[in-house]
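These notes concern the structure reproduced below.
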Amino acid sequence: MREKARDKRRIEDIISYSENVTRLVENVTYDEFVKDIAIYYGTMKNVEIVGEAAYMLTKEFKALHPETPWDFVQGMRHVLVHDYANVSSQTLFDTATKDVPEIRRQAQKYLAETDWESWCKS
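At position 24 of the sequence shown (counting the first as 1) the number is 1301 in our numbering, and the numbers step up by one without a gap.
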């Protein structure tokens, strides 16, 4: 039950940190992205945190929402943490500009539609 109580916070984190990603890459070209280390590494860290929050969600919560590519989100986090030297800047840029906004939309939907009181008691 305790872990389920943390799911709401994890979803809020996914939303918050994915918003950071969007702000960082908004109106930024790929060339600008790779040349600006603050944008590049800020994006990397925030994508990592989104992945960590997804990783920490309960299996039950993720199973209820199979439309979100949880394995991809968590996998990206693992690559950023454990294989950071081999991160493809193009993959990171594509993730930030294409995947993260959709993950945020899904998380916002889950936050709004989940009966958190019942979820924590189940």
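Heads up, the beta-carbon is just placed ideally off N, CA and C, and yes, glycines get one too.
Cβ pair residue i, residue j closer than 8 Å
i	j	result
LEU1357	GLU1325	yes
PHE1377	SER1293	Reading the sequence as shown, one finds Val at residue 1377 and not Phe. Not closer than 8 Å, so no.
GLY1328	VAL1298	no
THR1374	MET1353	no
C-alpha gap between residue i and residue j, whole angstroms
i	j	result
ALA1362	ARG1382	30 Å
GLU1309	SER1366	12 Å
ASN1304	GLU1379	17 Å
VAL1364	PRO1343	26 Å
ILE1291	ILE1316	19 Å
MET1278	GLY1319	Only weak support exists for where MET1278 lies, its pLDDT of 47 falling under 50; the coordinates are left without a value.
ASP1284	PHE1370	27 Å
THR1332	ALA1282	In the sequence as displayed, the identity of residue 1332 is Tyr instead of Thr. When rounded, the distance between both Cα atoms is 15 Å.
Residue ranges of each alpha helix (DSSP H) run of no fewer than 4 residues wholly in the segment 1346 to 1390, ordered along the chain? Runs found: 1347 to 1359, 1366 to 1371 and 1377 to 1390.
Whole alpha helix (DSSP H) elements within the segment 1290 to 1352, 4-residue minimum: Qualifying alpha helix (DSSP H) stretches, in chain order: 1307 to 1312, 1314 to 1333 and 1336 to 1341.
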